[in-house]
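Numbering (my numbering), first residue to last: 15 to 276.
Heads up, the beta-carbon is just placed ideally off N, CA and C, and yes, glycines get one too.
Here the structure is a predicted model, which is why all the values come from computation and not from measurement.
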Amino acid sequence: MKKIVALVLAVAMLMCVFTGCGAKGRTLDEVKSSGELIIATSPDFPPFEELDGQDVVGIEIDIMNLVCEKLGVELVIETMDFDSVLLGIQAGKYDVGVSGITVTESRRKNMLFTDSYCLAAQSIVVTEGSEIAAKADLEGKKISVQSGTTAEAFAMENGYSFDAYVANSDAQAALVSGKVDAWVIDNLTAIEMVDAYNSEHDDKLVILDEAMTTEPYSFAFAFGSEDLVDAVSEILNGLVEDGTIEALFEKYDAPYISPDAE
Ligand code: ARG
C-alpha cells in the first residue's frame, strides 16, 4: 500500500513538473477584488524601467500606471533581477512581468503574453577603435550578455563564446574592462546606457549599426491569468492605436517602432 501511495505521489509530482500545476496566475476578478496589480520588474533597463533614487520609472511603468487606472486598481512594484522576473511569473508569484520582455516561442511554453506594443532589436556594443564592425566579426570573439535574456539565447544559438551577467551594468562593465570584446543588448537600452557612459568618460563606447533580431516587447503572465491578459491586451491595443504609447517613447526620447511594422 505504502508503495502504491509513493508511486501515485511520484507520478503526480512528475506531472506537476510538466504541466506547471500549482503555478496559477490570478484572474481578472481576483486582481480587481484585491485592488492591486503586482508587477515584477528588473529596473536596469532604461528607458523601460530604471531606478530614480528609490523610485522605479520608465516607459513600461507609465504604461502599467495607465493599465491600473483603467482596471481601477493600485500598482504594486516588486524589483528583482531579470531571471527572477521570468521565474516569478511562471510560478504565479506576481501578476505581471514588466521588463522589456521579448515574446519568444520558447517562453510561450512557460507563460502567457499580451499583444506586443513595440518592436526592438539586439545591438552590438564595442569600444572605440574595435576591429569588430559588424555581426560577422564576432566570430571567435567573446561577448557579454545579461543572463536569461534573448541576447544570451542569441549568443548560444550563434555558438559565440560569452559571459552572462545577472546585472546589465556588469555586462557593460565587462566590455569596458576588456574582459569581453563586445556586449550584446537590446538597442534602445544600448542607446541610453552608452550615452550615459560616454557623457562621463573619455574612452567611448560605440553601438554598431546592425539590428540583428526582431524583439516584440510584451508583458508576461502566469498560466491561469488568461482573462487578465485579455483585459490588459485590450487596454494596451487602445494605447497603441490612440498614440499614447508613441507619445510615451517621445517623453523618454526613444525612437518608436510600432508592433505592426514587422
Ligand atoms: N528583451 C530582452 C529579453 O526579453 C532583454 C530584457 C532585459 N530586461 C531587463 N529589465 N533587464 O530577454
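Could you give the C-beta distance for residue i and residue j, rounded to a whole number, given that I count them as a contact under 8 Å?
i, j, result
"Ala-135", "Asn-201", "5 Å"
"Ala-169", "Val-180", "About 15 Å; that fails the 8 Å criterion."
"Asp-216", "Ile-157", "At roughly 24 Å, the Cβ-Cβ gap does not stay under 8 Å, so Asp-216 and Ile-157 are not in contact."
"Ala-236", "Gly-39", "3 Å"
"Glu-224", "Ile-138", "7 Å"
By alpha-carbon positions, which one of the options ends up nearest to residue i?
i, options, result
"Leu-85", "Val-45, Phe-59, Pro-61", "Val-45"
"Gly-67", "Pro-57, Ile-73, Asp-76", "Pro-57"
"Thr-203", "Thr-93, Phe-263, Met-94", "Phe-263"
"Trp-197", "Asp-97, Gly-238, Ala-147", "Ala-147"
"Phe-96", "Ala-188, Phe-59, Val-81", "Phe-59"
"Asn-212", "Ile-77, Ala-261, Glu-142", "Glu-142"
"Ala-234", "Ser-47, Asp-43, Ile-52", "Ile-52"
"Ser-98", "Leu-219, Gly-162, Glu-83", "Gly-162"
"Gly-106", "Met-94, Ala-54, Ile-115", "Ala-54"
"Glu-229", "Pro-273, Ile-205, Asn-182", "Pro-273"
"Asn-182", "Glu-171, Asn-172, Val-208", "Val-208"
"Met-94", "Val-81, Lys-265, Glu-88, Gly-111", "Gly-111"
"Val-140", "Gly-252, Val-220, Asn-172", "Val-220"
"Gly-173", "Glu-50, Asp-184, Lys-155", "Lys-155"
"Gly-114", "Glu-88, Leu-222, Leu-80, Glu-64", "Glu-64"
"Thr-118", "Ile-271, Thr-227, Ala-188", "Thr-227"
"Ser-232", "Glu-214, Asn-124, Thr-116", "Thr-116"
"Glu-50", "Asp-76, Val-81, Gly-238", "Val-81"
Within 10 angstroms of its Cβ, does residue i collect 16 or more other Cβ (buried), or is it exposed?
i, result
"Asp-69", "exposed"
"Ala-150", "exposed"
"Ser-2", "Residue 2 is absent from the structure shown; the chain starts at 15 and stops at 276."
"Glu-255", "exposed"
"Asp-109", "buried"
"Arg-122", "exposed"
"Glu-145", "exposed"
"Ala-165", "buried"
"Ala-261", "exposed"
"Pro-61", "buried"
"Glu-153", "exposed"
"Leu-100", "buried"
"Gly-285", "In the structure as shown, the chain starts at 15 and stops at 276, and residue 285 therefore has no counterpart that could be examined."
"Glu-74", "buried"
Are the C-beta atoms of residue i and some chain B residue less than 8 Å apart?
i, result
"Val-99", "Given the protein chain composition of this structure (a single chain), no chain B is represented."
Contact the region 247 to 257 vs the region 124 to 138: 3+ CB pairs below 8 Å: When Cβ pairs closer than 8 Å are counted between the two stretches, the region 247 to 257 is seen to touch the region 124 to 138, the count reaching three or more.
Contiguous beta strand (DSSP E) assignments of at least 3 residues, all confined to the region 124 to 179: Segments of the beta strand (DSSP E) lying fully in the region 124 to 179: 132 to 134, 136 to 141, 156 to 160, 175 to 179.
Uninterrupted alpha helix (DSSP H) stretches inside the region 79 to 133 (no shorter than 4 residues): Those alpha helix (DSSP H) runs which fall completely within the region 79 to 133 and span 4+ residues are 96 to 104, 119 to 122.
Segments assigned alpha helix (DSSP H), at least 4 residues, entirely inside the region 201 to 260: Listed in chain order, they are 201 to 212, 240 to 255.
Ordered list of beta strand (DSSP E) runs contained in the region 37 to 84, each at least 3 residues: The region 37 to 84 is shown to contain whole beta strand (DSSP E) runs of 3 or more residues at 50 to 55, 63 to 66, 69 to 71, in chain order.
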